[in-house]
Each structure stands twice: as structure tokens, then as C-alpha cells.
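S.K.: Before we start, here is the structure in question, set down as C-alpha cells.
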Amino acid sequence: PALVRREDYTAPAWWVRSVDLTFDLDPAKTIVASKLAIERNTERPAEPLRLDGEGLNLLRVLVDGQSVSFRHEDGQLVIDAPAADAFVLEIRNTVCPEKNTELSGLYTSGGGFFTQCEAQGFRRITYFFDRPDVMAIYTVTLRADKAKYPVLLSNGNLAEQGSLDNGRHFARWNDPFPKPCYLFALVAADLVAREQRVTSRAGKDHLLQVFVRRGDLDKTEHAMNSLVASLVWDEARFKLPLDLERFMIVAVEDFNMGAMENKGLNLFNTKYVLASPATATDTDYSLIESVVGHEYFHNWTGNRITCRDWFQLSLKEGLTVFRDQEFSQDMAGSPSARGVKRIDDVRTLRQIQFPEDAGPMSHPVRPDSYVAIDNFYTATVYEKGSEVVRMMQTLVGRGGFERGITEYFRRHDGQAVTCDAFAQSIADVNPASPLNAQLEAFKRWYSQSGTPKVTARGTAADGTWTLTLAQDFGAPQGVTSPVERQPFVIPVRVALFTRDGRPVPLKLEGDAEAAPSERVLVLSQAEATYRFLDVPADVVPSVLRDFSAPVLLDDGLTDADRLVLLAHDTDPVNRWEAGQRLALSQLVAAITGDGTLALNDAYVDAMRAVLRDPSLDPAFKELVLTPPSEAYVSEQLTVPVDPQRVHAVCQQMQDQLAARLHDDWLAAWDANQISEGYSPDGAQSARRALANLALAMLVRDAARSGDSVWPGKAYQRFKDAGNMTDRLGALGALVGAHSELATPALARFHELFQNEALVVDKWFGLQARASEKDGRVFAKVKALLQHPDFSMHNPNRVRSLLLALCNGNPAAFHRPDAKGYVFWAEKVVELDAINPQVASRLARALDRWRNLAEPYRGAAREAIARVAAKTDLSPDVREVVDRALK
Ligand code: B3K
Ligand code: ZN
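The UniProt record's numbering puts the first residue of the sequence shown at 6, with every later residue one more than the last.
Dropping the structure here:
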């Protein structure tokens with residue numbers, strides 16, 4: 006398959022002004038009639054008309070009502086010499102939605118019709134210029150059997166509906182806003198809707214609808230509340246109102262990703278819509294809030310202003326992730342709840358994006374090339390892209406950033422633009438900011454891949470504290486860059502504390518005034534030195550507070566320093582990080598040493614102090630008391646990774662925390678019981694999170710000591726729980742400790758929830774992620790593949806079993822006998838024939854094979870090579886395995 010390059014971008018030779026689509030929907034054979042008003046782009050040299058199409062059955066092509074000669078070339082429909090500079094092109098073709106297992110284009114799910122067009126699904130519906138910079142006004146008519154498909158939806162506003170012969174009916178929709186075809190959507194299904202009318206600040210009325218299958222209506226309240234909150238927030242924070250009379254969300258069970266921001270008609274994976282206390286966890290509730298927010302925010306950042314080409318994907322994704330993160334923080338409210346959300350985001354970034362950027366799929370936030378664009382919906386484009394936007398906000402201030410957003414819309418509303426255009430808007434309205442002064446250098450965050458490493462060293466002498474910051478901006482291993490790499494512009498938030506925890510005012514030499522507690526330094530050279538005046542002799546620096554830049558930090562602190570920060574830092578991120586680093590250094594020492602761990606007393610005492618501190622948010626305690634994951638630990642090693650050894654040492658850590666803090670876990674469990682009715686709010690979910698961790702620790706410790714009280718209590722809790730968070734927490738505690746009661750509990754859980762698809766996913770997922778012991782988990786997953794509820798055709802199921810094992814359970818997957826890799830290779834190939842996008846995600850489970858120790862490394866390489874040797878791989882999987890082997 007061919008490589009597409011950013012530098013090859015050219016503007017389209019033709020524009021489409023309007024699109025009129027008519028669908029005669031039938032699962033086996035849907036007829037698509039398309040009428041396009043086309044105009045030559047007079048700024049381009051004359052070129053043939055080339056329309057993208059994939060797997061279509063073409064019936065006819067007319068130009069201004071006349072037949073025209075055309076040919077097929079490289080999967081495109083080519084009309085060599087259209088007679089005029091403006092004409093109407095009519096195309097009629099058929100597609101077969103029920104055979105569309107890729108879930109891209111028009112497909113069936115649960116007896117209804119749904120679409121997914123981003124990035125290149127529209128070409129699987131009809132011939133078109135399938136590129137985001139061709140924007141048109143759409144009119145869509147849907148015709149279908151009325152009894153089977155009572156609800157007919159498309160983008161925009163409903164213009165007309167009525168009955169037709171033979172029990173069929175129709176609906177016509179108009180979308181007043183020009184859009185690229187990737188934002189097109191249709192739905193035809195038997196659905197019901199929760200509806201709510203809202204009035205915006207500007208006084209406009211809107212109808213909000215959440216469509217779900219009959220029977221799921223009682224699970225839509227939270228999604229609707231989240232939608233209303235999103236609307237209110239975007240108007241308040243960024244002055245961005247809803248621009249349509251009607252805004253619809255539709256839940257669908259078979260969906261390749263989380264959700265899709267089609268104009269006025271968002272399609273959602275059921276996982277990010279449906280919630281009831283009995284079926285959804287607190288985490289599900291907060292994910293729903295953030296995904297509903299994310300898709301809603303796309304209406305401006307993505308839809309009103311879209312991407313010029315797919316290399317600019319982060320223009321909409323990085324920015325929209327930033328917006329949803331800010332939204333969730335604002336919804337969380339208290340400073341500590343905001344901190345907890347930030348820690349979550351930082352953890353995701355470091356756990357997923359950092360390894361991605363150090364492995365074979367490393368790419369800049371604005372990639373330079375791709376084979377399959379769907380492979381670039383990555384943590385780099387999304388999460389690192391969001392960090393890049395966050396750094397801009399840090400450099401221009403919150404108010405300056407809001408002004409920048411306003412300017413961005415003033416300049417580019419209705420256009421398809423680049424990442425550069427966004428950065429320019431923010432910088433231009435903040436002339437005095439460091440972003441403006443160093444814009445070109447700042448934009449290296451878009452063009453240079455890899456995670457820079459920052460070293461911070463402080464020394465004190467004569468009342469002056471000198472901080473030297475240095476950055477290593479060299480290429481990550483294995484990355485060759487076409488241009489010479491240059492330093493990044495890195496905002497570094499710094500504070501200083503005395504050893505008894507008092508913040509020290511920061512008077513930077515040259516500053517008129519001292520900053521009372523924190524100063525943002527902007528490192529833009531390879532190295533810089535900063536002198537702070539009037540600083541007491543013995544201070545502990547807190548560097549990169551709030552994770553002010555997506556970098557690896559070497560702060561050179563001692564354990565004693567970290568204990569000070571863990572006890573006193575006023576920044577939740579660095580306070581948490583101090584604890585993580587204390588854990589990490591012990592884990593790494595044991596892994597690279599003789600494989601045995603004995604937690605030091607200072608660390609255990611510090612963890613006890615956190616657990617007992619009545620002033621701390623229970624959610625924060627839960628984060629601090631959760632040691633770094635095996636995947637994260639593995640990434641920190643400078644020796645080849647033996648996943649079994651990492652697992653063994655991490656297990657020792659958990660066992661020792663369970664044993665040595667036994668009484669404190671007991672106290673935490675007791676202190677965090679909730680007697681009021683269930684609410685997914687932050688305060689309650691914080692307490693449940695800590696209580697569930699305490700329960701898991703108590704059950705784990707009981708397994709060691711042979712005591713049966715806590716497993717019994719967990720089983721009781723599992724049976725009686727009034728909500729899914731507590732039920733799953735108790736079940737997880739039993740499964741995680743390999744308790745004998747896990748088996749009956751799992752059976753009971755399945756029986757209770759067998760008709761709740763999203764809960765069945767949890768049931769698969771819990772078993773696939775369970776802590777490995779003697780190969781049991783791996784064997785169980787293989788057995789579960791035969792379970793009647795498992796299907797390779799449903800992406801949620803595949804994620805809950807296969808991705809959970811291969812991506813989420815290193816010790817079960819990386820086996821010395823290589824069976825995990827053999828299994829992986831088989832499943833990648835099997836899945837690729839069904840759904841390349843999902844297969845390609847699974848293919849990435851071995852991205853980091855080069856870091857493995859033998860015998861894992863050789864066996865992993867062999868498995869990748871086995872997949873790569875197949876000649877009929879999709880471009881998606883082909884790109885991933887070829888890059889892995891390169
Ligand atoms: N924009 C979509 C992702 C589309 C993925 C295509 N493979 C959802 C989102 O980011 O909001
Ligand atoms: Zn998005």
C-alpha cells in the first residue's frame with residue numbers, strides 16, 4: 006500500500022457546493038442516488054475529476070443529465086474531461102450494509118442502519134471527493150420500511166417526512182452548514198429518544214435528543230445531563246453556542262471507537278451513553294460525561310472549523326481533548342477533584358503516549374506520512390496534542406487563551422485549516438506572551454516526534470538558589486527525522502518548599518516582584534540557568550508542577566526530598582508523583598537486583614500517613630496508594646524487560662502494602678462506607694474508589710494469611726451491592742486474589758447480567774485482566790473465546806477480551822513458552838479479515854517488542870514476522886507490523 010505524504014498536499018481541483026443524497030435502505034442492497042453541484046477550482050490547473058470509491062456497485066453516471074464517459078483507476082472513478090467548469094454530477098450505486106463487517110461506511114447493527122465516515126468511510130457509501138477540505142451543503146432523503154425502521158435521521162434539521170407505498174416511509178434532512186463528507190451520518194432503526202428542550206444564553210431554543218434501543222431509555226439520563234452541561238459550559242467558557250435547532254445523540258452497539266461528532270447527529274458507542282447505577286461504574290459515568298462533552302465540543306472545534314487534510318488531525322482532536330479535559334475539571338469543582346482528574350490524564354499520557362512515542366509507531370503530533378490514516382487516531386494526536394494546546398494556554402494565560410480561541414473563529418469559521426493557523430491565532434492576540442515571541446520554535450511540538458527529557462538541578466549558596474534546566478531534544482531511538490532536531494519550548498512550573506513544607510516565594514533575578522508560590526519558567530534552549538533570590542538554605546524544588554509539559558523529567562531529587570513533597574506539595578500532580586517515584590525506585594531496584602522486594606519503612610510510613618490523613622480527598626489517596634502499573638514500570642527500565650519478573654516484583658509490592666497497612670486498610674474501608682442513595686458525583690465516587698481499593702487489599706492479605714473472613718465479606722458485598730461500582734469492586738477483589746469464591750461470583754454475575762451487553766463486556770474484561778498465576782488467566786481467555794457471548798464481530802467484545810489480555814495484562818500475555826504471541830498472531834490475522842481498524846489496534850500490542858528480554862524478544866519478533874508474511878493484510882495491519890519490524 007502507498008504512503009501518503011503531508012508535503013504532497015495540493016488543494017482540490019474541484020469543489021462540491023451541494024450534495025443531494027437519496028437512500029433506499031435495504032440490508033442486502035441499498036440504493037444510493039447522489040446529485041452533486043460541482044465547480045472547477047479556478048486556482049488550480051485543469052485536472053480530471055477523480056472520485057474516491059471503495060467496494061461500490063456503480064449503476065450509472067450522468068453529467069447535467071447526460072451520460073458521460075468515465076473510467077476506473079486505482080480505485081477511483083475518473084472523468085477525464087468534464088465539459089464545463091460547473092455542472093451537476095449524478096451517480097447511482099448500491100452497497101450491501103449487512104455484509105459490512107468493517108463498520109466503516111453504511112452498516113447494520115442490531116437490525117438498524119448506521120454510518121461511520123471518519124476518516125474515509127464515505128467512499129464506501131458513494132463516489133465522492135473523500136477529503137476534509139471539500140465542504141458542501143447536504144440534503145439527505147431516507148426511504149425505508151416503516152415498521153422495521155420507524156426512526157430516520159440525518160444531519161441538521163428535519164425538512165419533511167411522510168408515508169410511501171408498500172409500508173415504506175421517508176424523511177428529508179437539511180444541514181445548513183457546509184461540511185466535509187466525513188461528518189455525514191444517517192441512522193434508520195427502531196429507536197426511542199429521551200428529549201429535552203433547552204434555551205441558550207443567547208435565548209435560542211433547542212431540542213436535544215438521545216436515541217437508544219427500546220428498553221434502554223432508563224439509562225439515558227446521565228448522557229442527557231452531560232449534554233446539557235456541555236452546552237452550558239461551552240457558552241460560558243468559550244462563548245460558543247449550539248448552532249442547530251436540534252442536536253441528536255444515537256447509541257449503537259457495534260462501533261469501532263468511542264463516538265463520532267457527525268454534524269448535529271453524534272453516533273455513540275453504547276458504552277459512552279448508557280448508564281444506570283446497577284449497570285455502570287463511577288468510571289463509566291465520568292467517561293460518559295467526558296465523551297459526550299468531547300463530541301459536543303467538536304461541533305465548533307472540528308465541524309465549524311475542520312482540518313485541511315488528515316495530517317492536521319490534531320487541530321481538532323488535540324484541541325477537543327483539551328476542551329473535554331477542561332470541562333471535566335470544571336465539572337469536578339474542588340481543587341483536589343480537579344487535581345485528581347489531572348493526575349488521571351497525566352497517567353494516561355505517560356502510560357500510553359510515551360511508549361507510543363518511543364516505539365515503532367512514533368510520529369509527530371502532526372504526522373508527516375501514513376499508509377492507513379485510521380492508524381493515526383493515536384494517543385500522540387489526541388493526548389499529546391492536548392498537552393500542546395495546554396502549554397499554549399500556560400504560555401498566554403487563561404484569558405489570553407480564550408481571546409485566542411475567539412480570534413481563531415473570527416478568522417477561520419467555515420474553513421478547513423492547519424495546526425499552524427490555530428497556533429498563529431492564539432499567538433497573534435497575545436503579543437506580549439512567550440508564545441508570541443517564540444512561535445516558530447514552539448511549533449516544533451507539532452513537527453518533532455519523541456518525548457524530550459528535561460534535567461533539573463538546583464544548588465543553594467548565599468541565599469541564592471540556582472536552577473539549571475537542560476533538555477535532551479534528540480531523536481528517540483529508531484526515529485530518523487528528515488530535518489535537524491532543535492530544542493523545544495518547554496513551560497516548566499516550579500515551586501520551592503522548605504523541609505517542613507512551607508512554600509518559598511520565588512524571586513527570580515530580574516523579576517520586579519516575587520511570585521508568592523509558583524513561577525513558570527520557559528526553557529527554549531538546550532540549557533538555561535535561573536537564579537532565585539532570598540531563598541533559605543535547605544529547600545526542596547517541585548518541578549514540572551501540574552505536569553506543565555509532556556516531557557520526561559530527571560529532577561535528581563533524593564528519597565528524602567520526595568517524602569517532603571509527598572507530605573507537603575500543594576500541587577496534587579507532584580504530590581502524587583513523589584509517591585509514584587518512591588515506589589518506582591524500589592521496584593526498579595528489585596527488578597534489576599535479585600528480584601526480591603522489601604519495601605522500606607519510610608515509604609510504608611508515608612503511605613500510611615496519606616491513608617490516615619483526614620484532610621485528603623479519598624480519590625487522591627486511592628491514586629497515591631495505587632503503585633505504578635507493570636507496563637509503566639517496564640517502560641522505566643534501562644535493562645531488557647522480563648515481564649514475568651516485573652509482574653513478580655509488582656505483586657510483592659501489592660502483597661506488602663496489603664500486609665503492612667492492614668489496619669489502615671481496615672480503617673479506610675470503614676471510613677468510606679456510604680449510607681445515602683447512589684449518586685455518581687465526585688464525592689461519593691471518591692469514597693467508593695478508596696473503599697474498593699481497601700477491600701481488594703484486605704482480600705489479598707487474607708489470601709496470604711489464609712483467613713476467610715474478608716473473602717466472605719467481599720462475596721457478601723458482591724451479592725448485596727446496590728450499584729455496579731461496589732459490585733464490580735468486590736468481584737474484582739475476589740478475582741484479583743484468586744479466591745475460591747471468585748468462580749461462583751463470576752457465574753452469578755454472568756447470570757444476573759447476561760442481557761446487559763455492556764456488563765457482559767465487564768465480565769470478559771475482568772477475567773482477561775486478572776492478575777496472572779500459573780497460566781490460568783491465559784487459559785481462561787482461550788476458553789472464553791468459545792463462550793456463546795463472545796464475538797469477533799463486536800468491537801467492544803474484542804476489546805474486552807483480546808485487547809484486555811494483549812494490551813492490559815503483560816504477565817498473562819508475555820509467556821516464556823511464546824503461546825501468548827502465537828495466539829496474538831492468529832487473532833490479528835483472523836480479525837483483520839473482519840475489521841481491519843480493530844485488528845490494527847490489536848496488532849500494536851507488540852509495539853515494544855524490542856525492549857523485551859530473551860526469550861520474549863525473539864519469540865515476539867517471530868510472531869510479528871509471521872503476521873507480516875501474510876500477503877493479504879489490510880493496509881492498517883500491514884503498516885503496523887511493517888513498522889514494528891523496520
Ligand atoms: N473523530 C472521531 C474518531 C474517528 C476515528 C476514525 N477511525 C471521534 C472523536 O475523536 O471524537
Ligand atoms: Zn475527537
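From the three backbone atoms N, C-alpha and C, an ideal C-beta is built for every residue, glycine too.
With a threshold of 8 Å, are at least 3 pairs of Cβ atoms found where one atom belongs to the segment 532–540 and the other to the segment 442–459?
M.R.: no
S.K.: Helix, strand or coil: which one does DSSP assign to S291?
M.R.: helix
S.K.: List the whole-angstrom C-beta distance separating H573 from F502, where the pair is believed to meet the contact cut-off of C-beta under 8 Å.
M.R.: 6 Å
S.K.: So for P546, helix, strand or coil by DSSP?
M.R.: strand
S.K.: Enumerate in chain order the residues of its own chain whose CB-to-CB distance from R202 is below 8 Å, with the five nearest sequence positions on each side excluded.
M.R.: D210, H211, L212 and L213
S.K.: Does the segment 793–803 come close enough to the segment 822–829 to have 3 or more Cβ pairs within less than 8 Å?
M.R.: no
S.K.: Can you list, in chain order, the residues of its chain whose CB lies under 7 Å from that of R586, leaving out five sequence neighbours each side?
M.R.: R567
S.K.: Are L320 and V401 close, meaning C-beta to C-beta below 8 Å?
M.R.: no
S.K.: Could you give the distance in angstroms between the alpha-carbon of M366 and the alpha-carbon of E859?
M.R.: 22 Å
S.K.: Tell me whether T325 counts as near the ligand ZN, meaning its Cβ is closer than 7 Å to at least one heavy atom of that ligand.
M.R.: yes
S.K.: Using the Cβ count rule (16 or more neighbours within 10 Å means buried), how would you classify H77?
M.R.: The residue is exposed, with fewer than 16 neighbouring Cβ atoms inside 10 Å.
S.K.: Which residues bound the beta strand (DSSP E) around N760?
M.R.: Note, N760: premise wrong, no beta strand (DSSP E); not H, not E.
S.K.: Check whether the Cβ of P308 lies closer than 7 Å to any heavy atom of the ligand B3K, and answer yes or no.
M.R.: Checking the sequence, you will find Asn at residue 308 rather than Pro. N308 Cβ: outside cutoff for every heavy atom of the ligand B3K.
S.K.: Between which residues of its own chain and F332 is the CB-CB distance below 6 Å, once the five residues before and five after are set aside?
M.R.: Within the same chain, Cβ atoms closer than 6 Å to the Cβ of F332 are found at W238 and G298, the five residues on either side in sequence being excluded.
S.K.: Within its chain, find whatever has a CB closer than 6 Å to the CB of A465; leave out the 5 residues flanking it on each side and keep chain order.
M.R.: Excluding sequence neighbours, A465 sits near A542.
S.K.: So which of N441, A554, L444 and F493 has the shortest CA-CA distance to F478?
M.R.: F493
S.K.: Compute the Euclidean distance between the alpha carbons of V704 and H743, then round it to the nearest angstrom.
M.R.: C-alpha separation (whole angstroms): 10 Å.
S.K.: Between A264 and the ligand B3K, is the CB less than 7 Å from at least one heavy atom?
M.R.: yes
S.K.: At which residues does the beta strand (DSSP E) containing S159 begin and terminate?
M.R.: For S159, the enclosing beta strand (DSSP E) begins and ends at V156 to S159.
S.K.: What is the residue span of the beta strand (DSSP E) that W20 lies within?
M.R.: Where W20 is concerned, the enclosing beta strand (DSSP E) stretches over W19 to D29.
S.K.: Run the proximity test for Q772: is its beta-carbon closer than 7 Å to any non-hydrogen atom belonging to the ligand B3K?
M.R.: no
S.K.: Our contact map puts T144 next to M729 with C-beta atoms below 8 Å; I'd like the distance itself, whole angstroms only.
M.R.: Contact flag wrong, Cβ pair sits at about 43 Å.
S.K.: Quick check for students: name the residue ranges of the beta strand (DSSP E) that lie wholly in the segment 765–843, counting only runs of 3 or more.
M.R.: none
S.K.: Would you kindly report the start and end of the unbroken beta strand (DSSP E) that includes P107?
M.R.: With the sequence shown as reference, residue 107 is identified as Glu, and Pro is not the correct amino acid for it. Segment: none, E107 is in no beta strand (DSSP E) and carries neither H nor E.
S.K.: For S231 and E294, which I take to be in contact (beta-carbon distance under 8 Å), what is that distance rounded to the nearest angstrom?
M.R.: 4 Å
S.K.: Kindly list the residues whose CB is nearer than 6 Å to the CB of K832, restricted to its own chain and excluding five residues on each side of it in sequence; keep chain order.
M.R.: Answer for K832: L807, listed in chain order.
S.K.: Going by DSSP, what residue range makes up the beta strand (DSSP E) through G117?
M.R.: G117 to Q121
S.K.: Please indicate yes or no: does the CB of N261 lie closer than 7 Å to some heavy atom of the ligand B3K?
M.R.: Yes; taking the cut-off as 7 Å, the Cβ of N261 has a heavy atom of the ligand B3K nearer than that.
S.K.: With G117 and A194 assumed to form a contact (beta carbons below 8 Å), what rounded beta-carbon distance in angstroms separates them?
M.R.: Correct: roughly 3 Å between the Cβ atoms.
S.K.: Per DSSP, what are the beta-bridge partners of P716 in this structure?
M.R.: BP columns for P716 are empty, so no partner.
S.K.: Please state the DSSP three-state secondary structure of F101.
M.R.: According to the sequence as given, residue 101 is Cys; it is not Phe. Three-state result, C101: coil.
S.K.: Is H368 close to the ligand B3K? I mean its beta-carbon at under 7 Å from any heavy atom of the ligand.
M.R.: no
S.K.: Nearer than 7 Å: is that true of the beta carbon of E322 relative to any heavy atom of the ligand ZN?
M.R.: yes
S.K.: Anyone know if the C-beta pair for S114 and V257 falls short of 8 Å?
M.R.: Yes, the pair counts as a contact, with Cβ atoms nearer than the cut-off.
S.K.: Answer with buried or exposed for N760, where buried requires no fewer than 16 other C-beta atoms within 10 angstroms of its C-beta.
M.R.: With fewer than 16 other Cβ atoms within 10 Å, it is exposed.
S.K.: Within the present structure, is the beta-carbon of E300 separated from the nearest heavy atom of the ligand B3K by less than 7 Å?
M.R.: Indeed, a heavy atom of the ligand B3K lies less than 7 Å from the Cβ.
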